[in-house]
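The sequence shown runs contiguously to residue 1072 in our numbering.
Read the structure below first, then the notes.
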Amino acid sequence: MDHDNNMSGELALDRGSEGETVSSGFNVGRVIDNLAHWLPTQAPLKDFIHHNTLHAFQDRAFHEGLLVASRLYGAKPYLDLETYQQYYEEGRITESALERVLVHQGYKPGDKAIRNELRRARKTPTPSGAGAFHRRWFSERGVDLDGQVHRVLFRILSNYLDQGVAIWRMPHAGDTLWNVIGRIVEESFLPFPPLSDRQCKRLLKGSPDDAIRFCLERLVGSERHYEAYLFEMLLAHTGWSGMVVMTENNRSLLLPRKIALKDMVAIELLLEYGFLTRALGKFDPLVGGPEPVPTFSVTTKPTPTSIESLQRIWQDALEWSYYEDLLRGLQHTSRLGDRSPKQPKMQAFFCIDDRETSLRRYLEEESDKFETWGVAGFFGVDWLFQSAAAGVPTKLCPAPLKPKHLVREIRKPDAGAVFRKPKLLQLLHLTPSNTLFRGWLITQVLGVWHALRLAWQVFLPSQSRATDQSLSQIEPLGELQLLREGEQQTEDGLYLGYSMGEMVERVEGVLKSTGCTKGFSDLMVFVSHGASSVNNPYFAAYDCGACSGRPGAANARAIAWMANHPTVREGLRSRGIDIPDSCRFLGAFHDTTRDDVTYFNAEELTGTHREVFLEFKKLMDTALQRNARERCRRFDLAKKNPSPAEASIHVKQRATSIFEPRPELNHATNSSCIIARRDLTRGLFLDRRAFLNSYDPEADPSGNILQGILSAAIPVCGGINLEYFFSRMDSTVYGSGTKLPHNVMGLIGVANGTEGDLLTGLPTQMTELHDPVRILMVVEQKPEIVLDVLRRNPNLMEWVRNEWVKFTCIHPEEKTAYVFQGTEFVPAGIDASTPVKSVSRSEEIFEGKSTPVPVHLVERKKS
210 MDHDNNMSGE
220 LALDRGSEGE
230 TVSSGFNVGR
240 VIDNLAHWLP
250 TQAPLKDFIH
260 HNTLHAFQDR
270 AFHEGLLVAS
280 RLYGAKPYLD
290 LETYQQYYEE
300 GRITESALER
310 VLVHQGYKPG
320 DKAIRNELRR
330 ARKTPTPSGA
340 GAFHRRWFSE
350 RGVDLDGQVH
360 RVLFRILSNY
370 LDQGVAIWRM
380 PHAGDTLWNV
390 IGRIVEESFL
400 PFPPLSDRQC
410 KRLLKGSPDD
420 AIRFCLERLV
430 GSERHYEAYL
440 FEMLLAHTGW
450 SGMVVMTENN
460 RSLLLPRKIA
470 LKDMVAIELL
480 LEYGFLTRAL
490 GKFDPLVGGP
500 EPVPTFSVTT
510 KPTPTSIESL
520 QRIWQDALEW
530 SYYEDLLRGL
540 QHTSRLGDRS
550 PKQPKMQAFF
560 CIDDRETSLR
570 RYLEEESDKF
580 ETWGVAGFFG
590 VDWLFQSAAA
600 GVPTKLCPAP
610 LKPKHLVREI
620 RKPDAGAVFR
630 KPKLLQLLHL
640 TPSNTLFRGW
650 LITQVLGVWH
660 ALRLAWQVFL
670 PSQSRATDQS
680 LSQIEPLGEL
690 QLLREGEQQT
700 EDGLYLGYSM
710 GEMVERVEGV
720 LKSTGCTKGF
730 SDLMVFVSHG
740 ASSVNNPYFA
750 AYDCGACSGR
760 PGAANARAIA
770 WMANHPTVRE
780 GLRSRGIDIP
790 DSCRFLGAFH
800 DTTRDDVTYF
810 NAEELTGTHR
820 EVFLEFKKLM
830 DTALQRNARE
840 RCRRFDLAKK
850 NPSPAEASIH
860 VKQRATSIFE
870 PRPELNHATN
880 SSCIIARRDL
890 TRGLFLDRRA
900 FLNSYDPEAD
910 PSGNILQGIL
920 SAAIPVCGGI
930 NLEYFFSRMD
940 STVYGSGTKL
950 PHNVMGLIGV
960 ANGTEGDLLT
970 GLPTQMTELH
980 DPVRILMVVE
990 QKPEIVLDVL
1000 RRNPNLMEWV
1010 RNEWVKFTCI
1020 HPEEKTAYVF
1030 QGTEFVPAGI
1040 DASTPVKSVS
1050 RSEEIFEGKS
1060 TPVPVHLVER
1070 KKS
């Protein structure tokens, strides 16, 4: 008998021991804090950063967390059975992987009964989730409470949190939400139903805590069920609830707001009480008489249904179909020996981003004198950066870091007309411009110009620059005030720039972590990345995650300037890194949508460096066109098998088309993160599915360097992967559905229509081509060293032990793969007898194909 997926009316939420519920003496603060734990943590649009959608369940085993979340949120834990069965018929789930999973789960090899069950056609049920309390208001009292309350609540929240879109600014917006609503109700000449009703108006003069207790007593009746009722209330609009929590805990809005989840809960309860009073007059609470024992608790391990058990088998088999193919390829290349150029002529550092893997492959395919490295795209520069045209500084380092340095950009005297518009005009778009006078003035002055500009972008998109241009974050003609002579600080305690010693530490960190401590070429380029698009609310999700969802152009310029400084090089020599005087570093920016590269300060190169740069640029231009061609195979509107030049034109058109909902695939299909020497991945066709982080196991016998890499790679790459994973699993609960009906709400989020809940997760245009596969972390290092690193870091071990990421290592001496299982690494059992297909050019692999392709080895072209 299948266990029912539906939840009953009672719900235990306390994160204490199993079965524990709210004790006598309702504590508003404690309950609000507990509720916040289960809400989404998606930041406002400008600060969008990928994260684990189910972060609240990360202390559980992965599949257990899926089922608990499914029952709580009413989300699909897996793909439909029909989808898995189709993948099997297409060969995307292999027989080898399916057999591996079945044996691991205790079935006998070749068991026909379970295979028949897996292939039998049946409909996958849709889970319902929590919400029984609120459904009773309609079923028993005939009141559509959510419909009435949300219409008012969402307007209040949208207007209060608005960042410059609203026609009318909310009065007293600098005060707390509770005080603002209280003052509006008290001072307004017009009624504000139901908050202006006598009882609600009286409660607004008190505290949020008192209002919450009063309303819960009238609405619920039993203190034991207060928390469950509140949670169901918040689950009915997880987007707005989560945004309130994020704004409360991370006050980074351009127009700050003093909002708190407690204030929102109090106002929503007042709205519920007011609308019920208007509809029913005097009414009885929902709970009375003998109280039933809660039948579902988030601390209880759920029992999977028979269909969920089959789905789990299929899901694990889908993942291992990819894992086996990848590990077979890596085992093969690990036995090929040292394939890196002995004397590289050109070298480039790229972000570990999966979109850079194919470009790196093409560069090395074009020349066997080209060497590439992968490192987190902030390049070790942990700072706040303020461009010459920006009114406020921007964080350009990983979200968990708290920068202690502020660097400003100043305009060069000879910048001339090329320099961007002044701060005043830019700030005009960041402040409310919809007042009567200012709106009229802007319409008269700029209205005609913007109408013409819109028409130009509609009919000639390829000849206009993208409005959401990532390069706009930095101006190549500006100077960075990087060097700090003294100890001057801002009022916020930020150092204005870096000392020489701090610069040495940043450059050393990048070079040592990647193993690039010798063999420097004459030209080394730090290639940052970002993405251009038009009419794209998710613009930050396309930029560099290591730069807090922003382009990394400024970071590339900064690290190149540091590495070129003679005093920094002297400091590096004292630490064992001798960069020859002939070596020159350069910063660059790769627009991953347009597939073009901008170089910074290249005009300063002379002589031999100039010649090498021109050769570098020629190779890069060729690689970019070939990269664009590879990307076009996944675009339905692209010409089939276009020439490199045609492909380059197409991707640039996608970046500037106002009607394009999918400017690029972004991280779609991301499935692995490989932390290893370039020899392990050089020449491998990984189908743009892998994050690549350079690492030399021989230089790290203690595992300390690996610890630093994993501390960033697991949560960052794991977060990206899981957000795509869950948005693909359930595009309406975990994802935000299709982009087409989305409206931007207050510049902080998107909603369907004008009065819907804020949508969390990713739209289908970003995920429908994604195979939901947990990321496979692959580390080239001895298993015992990796295990020691994980044991020293409980937070990392939680990701690995509970299998929110899958973890393997390639033994650098044995050349075999080990997989983490339970509490240790065991041999992965990858069949090495199956050969890895080899080709001479990447195009031979993907021409005429639009679906994922297996790992191949590309023999690099000899120059």
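Each residue gets a CB set at the ideal place from its N, CA and C atoms; glycine is no exception.
Note that the structure is a prediction, hence the values are computed from the model and not measured.
Check whether residue i and residue j have beta carbons under 8 Å apart
i	j	result
Gln-698	Leu-705	yes
Val-821	Lys-554	yes
Leu-370	Gly-955	yes
Asp-800	Ala-740	yes
Leu-985	Thr-1032	no
Glu-273	Lys-510	yes
Arg-564	Ala-597	no
Ile-390	Leu-362	no
Leu-846	Leu-978	no
Met-442	Glu-396	no
Val-777	Phe-588	no
Arg-617	Glu-717	no
Inter-residue spacing [alpha-carbon to alpha-carbon] between residue i and residue j
i	j	result
Val-1048	Arg-835	16 Å
Arg-793	Phe-579	15 Å
Ala-762	Ile-516	49 Å
Arg-407	Val-942	38 Å
Leu-1066	Phe-1055	13 Å
Trp-1008	Gly-912	18 Å
Pro-1091	Thr-542	Residue 1091 lies beyond the range of the chain shown here (210 to 1072); nothing can be said about it.
Gly-430	Phe-235	12 Å
Val-507	Arg-782	56 Å
Val-959	Phe-342	28 Å
Tyr-933	Val-982	9 Å
Phe-440	Glu-426	16 Å
Glu-989	Leu-999	15 Å
Ile-1019	Thr-581	21 Å
Glu-304	Thr-1043	14 Å
Met-452	Ala-475	16 Å
Collapsed DSSP secondary structure at residue i in the structure displayed
i	result
Arg-239	helix
Ile-365	helix
Glu-574	helix
Gly-546	coil
Thr-1017	strand
Phe-587	coil
Ile-258	coil
Asp-805	strand
Pro-1036	strand
Lys-1046	coil
Gly-498	With a pLDDT of only 47 at Gly-498, under 50, the local geometry of the prediction cannot be trusted, and no value is derived from it.
Gly-356	helix
Gly-816	helix
Glu-618	strand
Chain-order list of residues whose beta-carbon lies under 7 Å from that of residue i (same chain, five-residue window excluded)
i	result
Ile-1039	Glu-533, Leu-536, Arg-537, Gln-540, Ala-1026
Thr-817	Asp-731
Ala-526	Ile-302, Ala-306, Leu-307, Val-310
Pro-494	Arg-427, Leu-428, Val-429, Gly-430
Proximity test, residue i beta-carbon vs the ligand GDP heavy atom, cut-off 7 Å
i	result
His-446	Summarising the ligand content, the structure contains no ligands, and the ligand GDP is consequently not present.
Cβ shell of residue i (< 6 Å), same chain only, five flanking positions each side left out
i	result
Tyr-287	Gln-520, Gln-524
Gln-974	Pro-870, Arg-871, Lys-948
Ala-856	Ala-837, Arg-838, Cys-841
Asp-591	Cys-606, Leu-610, Pro-612
His-381	Val-389, Arg-392
Neighbourhood of residue i by C-beta, 8 Å cutoff - its chain only, sequence neighbours within 5 removed
i	result
Ala-908	Lys-721, Gly-724, Thr-726, Ile-914
Thr-447	Leu-248, Pro-249, Tyr-282, Asp-966, Thr-969
Glu-481	Leu-354, Val-358, Cys-424, Leu-428, Met-442
message = For the pair the stretch 886-897 and the stretch 931-945, tell me if three or more CB-CB distances fall below 8 Å.
response = no
task = Please determine if the stretch 253-273 and the stretch 754-761 are in contact, where contact requires at least 3 C-beta pairs separated by less than 8 Å.
result = yes
key: contact_flag[the stretch 321-338, the stretch 279-297] where n(CB pairs < 8 Å) is 3 or more   = yes
key: Stretch pair the stretch 392-406 + the stretch 441-460: three plus CB contacts closer than 8 Å   = no
task = Decide yes or no for the touch test of the stretch 380-396 against the stretch 459-467: beta carbon pairs closer than 8 Å, at least 3 of them.
result = yes
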